[in-house]
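In full-length UniProt numbering, the protein residues as written are 1 to 607.
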């Protein structure tokens with residue numbers, strides 16, 4: 001039986017929130033790094049942007065993940081206060097243990113150097129910080145003392161072991177152990193303390209706060225040694241990370257800058273270099289990581305920047321993409337470029353398809369969620385929940401004045417090579433040319449989707465339990481027939497050779513193929529997926545079509561008589577525990593899928 005193999009991944013970016021730090025997980029070998037979005041933990045390769053493993057076993061939103069020092073395990077926390085410890089050796093990521101540690105979301109996790117214990121901090125009604133054993137989840141000491149949420153924790157890697165926490169009560173707590181007990185608190189900060197980290201050898205630790213200040217403390221006694229400048233940043237410090245030798249530290253701030261400090265003498269820290277970013281709110285820095293020679297920062301828009309200390313004004317590499325579900329995909333006429341958009345609404349990502357997927361640019365399109373897109377000629381035509389249709393120039397990557405208000409909220413769009421677009425709206429169908437509505441008609445069948453025949457003369461609209469066929473003459477539509485279906489139509493698509501029409505439905509999960517030359521006779525009907533079918537597309541040679549489902553599966557169907565018009569292959573976990581909301585064929589053996597997990601994946605069909 002044929003199968004689809006994953007070729008590359010264009011993964012989600014980290015989920016960010018203004019005023020809140022994110023924690024990137026460091027790989028002890030320096031090969032990957034960790035971050036979270038939705039119910040997923042992303043294990044992303046540092047050197048290959050298209051290589052990413054996704055862990056999807058949490059039942060609620062993930063918040064943080066941390067490698068054990070041995071690298072054999074990852075501990076990940078979520079919004080419910082649970083911590084899962086799972087193996088990194090096997091592709092299945094076998095679960096070792098799961099513990100309900102806190103009464104609210106986990107903010108940070110720090111492992112003991114012997115891999116046997118981990119400190120967990122975050123939100124809760126009572127205790128917001130605990131140290132537990134990795135094998136049994138038993139508490140090791142008492143980390144009480146904070147009044148409110150604890151943002152950060154660091155476990156000293158060398159003897160004598162110490163532990164320090166940082167909280168929204170503007171204080172840091174210092175503990176001796178194990179078993180851990182309160183030793184001292186420091187209250188130099190005048191606002192939330194967002195982060196704390198011990199140096200690699202444990203001689204000292206540094207705290208960073210929303211007051212823009214960073215304090216240096218002795219790693220054994222917790223006595224203050226100094227500060228990073230009079231004021232390290234003009235905005236709040238959200239994260240800091242040490243170099244491997246502990247002689248330098250990277251800090252990032254809401255003032256849209258990152259800095260490297262020389263802390264070889266912790267009593268007299270010196271600023272080494274300042275990295276400058278843009279002037280937009282989205283350029284605020286909320287997370288960082290120092291892994292080997294890689295200086296990594298995360299901005300409020302989720303973009304991941306690799307800094308070049310020899311060129312502080314320009315990052316050496318920036319990983320862009322989505323950090324909200326992808327709701328629309330389009331393919332350029334020459335099939336070399338993918339356009340994607342999502343709940344971000346204002347951004348459409350332009351990705352070039354070669355051996356992998358690379359993002360080229362960001363296009364500003366709409367002010368609300370993009371529902372569907374199609375690329376024809378030099379135009380990217382998109383419809384959005386802002387009730388408009390827009391025509392964006394692909395060559396200039398700028399949208400112009402060719403946009404118009406639609407009669408009701410749009411659901412889908414299809415277009416001819418000439419740029420004439422057919423739109424189905426909540427209660428209307430319309431034809432738009434060069435930004436002007438040339439035809440509109442109010443309908444009662446509840447349009448859900450639209451497809452145009454390759455000859456440009458026939459249009460199919462999906463409706464509530466029926467399929468509506470219209471003739472397109474110039475820019476006018478005329479209904480010619482109605483075909484009953486057993487369920488609401490989710491997608492319609494004419495085959496590239498113009499011989500067939502494929503239809504997929506909702507709750508009953510049926511897939512239909514109609515023979516156009518035989519008066520739309522039903523030539524195929526089947527179902528194999530267990531959830532609503534959200535996406536459908538034909539291969540360029542019209543031999544295969546693929547469907548994507550709410551259950552996260554990808555099915556490829558073959559209409560060649562040699563295969564007896566059957567299911568060719570089914571990838572049940574194409575997007576594990578997420579829906580396959582969009583799919584496209586790039587070639588006769590290559591597909592691309594997009595999902596509510598905010599990721600885009602490239603697949604090869606192997607027979």
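Think of the CB as a built atom: it goes at the ideal place given N, C-alpha and C, for glycine as much as any other residue.
Item, Value
"Grouping DSSP H, G and I as helix and E and B as strand, with all else coil, what is residue 61?", "coil"
"Between which two residues does the beta strand (DSSP E) holding residue 5 run?", "3-10"
"Find the nearest neighbour of residue 579 within the set 586, 566, 594 and 569, judged by alpha-carbon distance.", "594"
"Between the stretch 333-341 and the stretch 293-304, do three or more beta carbon pairs fall short of 8 Å?", "no"
"Answer yes if the stretch 319-338 comes into contact with the stretch 274-286, meaning at least three C-beta pairs across the two stretches below 8 Å, and no otherwise.", "no"
"Please check the pair residue 153 and residue 165, which I expect to be a contact at CB under 8 Å, by giving their CB distance rounded to whole angstroms.", "5 Å"
"Looking at the structure shown, is residue 108 part of a helix, part of a strand, or coil, going by DSSP?", "strand"
"Since residue 66 and residue 75 should fall inside the 8 Å C-beta cutoff, what is the C-beta to C-beta distance between them, to a whole number of angstroms?", "5 Å"
"Note down, one range per segment and in chain order, each beta strand (DSSP E) of at least 3 residues found wholly within the stretch 64-129.", "73-78, 82-87, 95-100, 106-111 and 117-122"
"Let's test the definition: count the other Cβ atoms within 10 Å of the Cβ of residue 445 and tell me whether it reaches 16, buried, or not, exposed.", "buried"
"How big is the Cα-Cα spacing for residue 348 and residue 493?", "Caution is warranted here: a pLDDT of 45 is assigned to residue 348, below 50, making its placement in the model unreliable, and the coordinate value is therefore given only provisionally. Using only the alpha carbons, I get a separation of about 23 Å."
"For the putative contact between residue 81 and residue 122, defined by C-beta atoms under 8 Å, what is the C-beta separation to the nearest angstrom?", "7 Å"
"Is it buried or exposed for residue 202, if we count other Cβ within 10 angstroms and need 16 for buried?", "buried"
"Determine the direct distance from the alpha carbon of residue 470 to that of residue 477, and round the result to whole angstroms.", "6 Å"
"Measure from the alpha carbon of residue 570 to the alpha carbon of each residue in 556, 583 and 581, then state which is nearest.", "556"
"Who are the near neighbours of residue 537 in its chain, counting only those whose CB is closer than 7 Å to its CB and skipping five residues on each side?", "493, 545, 546, 583, 584 and 585"
"Is the stretch 241-248 in contact with the stretch 219-230, if contact means three or more CB pairs nearer than 8 Å?", "no"
"Give a yes or no on contact between the stretch 192-201 and the stretch 174-181, applying the rule of three or more CB pairs nearer than 8 Å.", "no"
"Residue 374 and residue 330 look like a contact to me (Cβ under 8 Å); what is the Cβ gap, rounded to whole Å?", "5 Å"
"Verify whether the separation of the beta carbon atoms of residue 302 and residue 13 is less than 7 Å.", "yes"
"Measuring straight from C-alpha to C-alpha, what distance separates residue 41 and residue 53?", "8 Å"
"Nearest-angstrom Cα distance between residue 454 and residue 9?", "31 Å"
"If I'm right that residue 517 touches residue 487 with Cβ under 8 Å, what's the distance once you round it to whole angstroms?", "Contact flag wrong, Cβ pair sits at about 25 Å."
"Threshold first: 3 residues or longer. Then list the beta strand (DSSP E) segments lying entirely within the stretch 389-461, N to C.", "398-405, 410-415, 421-425, 428-433, 436-442 and 449-452"
"Can you name, in chain order, every residue of its own chain whose Cβ lies under 7 Å from the Cβ of residue 255, other than the five neighbours on each side?", "233, 234 and 235"
"Is the CB-CB distance between residue 421 and residue 451 below 7 Å?", "no"
"Can you tell me whether residue 281 is buried or exposed, with buried defined as 16 or more other CB within 10 angstroms of its CB?", "exposed"
"Let me confirm a value: residue 92 is counted as buried when at least 16 other C-beta atoms fall within 10 Å, else exposed. Which label applies?", "exposed"
"Please report the distance separating the alpha-carbon of residue 459 from that of residue 431.", "11 Å"
"Assign residue 502 to one of two classes, buried (16 or more other C-beta atoms within 10 Å of its C-beta) or exposed (fewer than that).", "buried"
"Who are the near neighbours of residue 463 in its chain, counting only those whose CB is closer than 7 Å to its CB and skipping five residues on each side?", "445, 446, 447, 448 and 489"
"My understanding is that residue 109 touches residue 64, with C-beta atoms under 8 Å, so please give their C-beta distance in whole angstroms.", "6 Å"
"For residue 577, write down the residues that DSSP places opposite it in a beta bridge.", "Answer is none; residue 577 lacks a bridge partner."
"Within the chosen definition, does the stretch 434-442 reach the stretch 377-386 through at least 3 CB pairs nearer than 8 Å?", "no"
"In whole angstroms, what is the alpha-carbon distance linking residue 102 and residue 129?", "8 Å"
"Can you tell me which residues form a DSSP beta bridge with residue 288?", "297"
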